[in-house]
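J.: Numbering (my numbering), first residue to last: 281 to 384.
#1: Name the DSSP beta bridge partners of residue 303, please?
#2: Helix, strand or coil: which one does DSSP assign to residue 325?
#3: Under 7 Å, do residue 299 and residue 313 count as touching if we go by C-beta distance?
#4: I'd like to know whether the C-beta atoms of residue 373 and residue 329 end up nearer to each other than 7 Å.
#5: Starting from residue 297, trace the beta strand (DSSP E) in both directions and tell me its first and last residue.
#6: Just the Cα atoms here: how many angstroms apart are residue 352 and residue 345?
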């Protein structure tokens, strides 16, 4: 690569790995929802916050937010986490979901 830019400069642009999977279940309301957040680096040097949500057992929906600054992505990550905690979402310990399940 030219300009002194090395591959290791492009890989791992995000200083710390942020990944969260939470669920909200209420059998009386037939509610079984998941919400997943992760912060990842893009090939263009930006930081991307990925949000996934839906009914447990489905693929659900996904939205990506791109930021030039990792701090902004972390701020939105924490803001969304607080909002979901207020609505009753809780961590699912030992959860295996689509992003972390091994491929067969």
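Glycine included, each C-beta is placed from N, C-alpha and C at the ideal position.
T.: For this structure:
#1: 314, 370
#2: In this structure, residue 325 counts as coil in the three-state DSSP scheme.
#3: no
#4: no
#5: Segment: none, residue 297 is in no beta strand (DSSP E) and carries neither H nor E.
#6: 10 Å
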